[in-house]
Structure formats: structure tokens, C-alpha cells
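To start, the structure under review is shown below, and the notes come after it.
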Amino acid sequence: MKIPGLSFSLKRAVGISGLKNKVAKKVGIPTTKQGLERKIGGAIVKKITNKI
144 MKIPGLSFSL KRAVGISGLK NKVAKKVGIP TTKQGLERKI GGAIVKKITN
194 KI
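For the sequence shown, our numbering assigns the number 144 to the initial residue and increments by one for each residue that follows.
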């Protein structure tokens, strides 16, 4: 039974999420699927608009 408004994440408790965040910021490559798609999409749009 879940308690509304209370959640627990083992990854956050251990610190994996924070570590992934720090690495992604330093390297400049997002670790989430949505972030990666957004970055690739932005690069494609920049290439297209610079050629026109």
C-alpha cells in the first residue's frame, strides 16, 4: 500500500542520480532519453538554419 505524497528511491538514497547529474553537466551529454533527443534535435535545427 502506497502512502500518497511519500515516495522512496534507492538510487536517490545511494546518490546515483546526483552522480549522473554531475557527470552529464560536466560532459555536456544528457543522460535521459528526453534530454538526449532534445539536444540532437537542436543540433539538427541549427545545421539546417545555418545552411539556408
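Using N, Cα and C, we set each Cβ at its ideal position, and we do this for glycine too. This one's a predicted model, so the numbers in the text were calculated from it and none came from an experiment.
For the pair T174 and K182, the CB atoms are not nearer than the 8 Å cut-off.
Annotated three-state conformation of S152 is coil, per DSSP. Beyond the five residues adjoining it in sequence on each side, K168 comes within less than 7 Å, by CB distance, of no other residue in the same chain. For I191, the enclosing alpha helix (DSSP H) has its first and last residue at K176 to K194.
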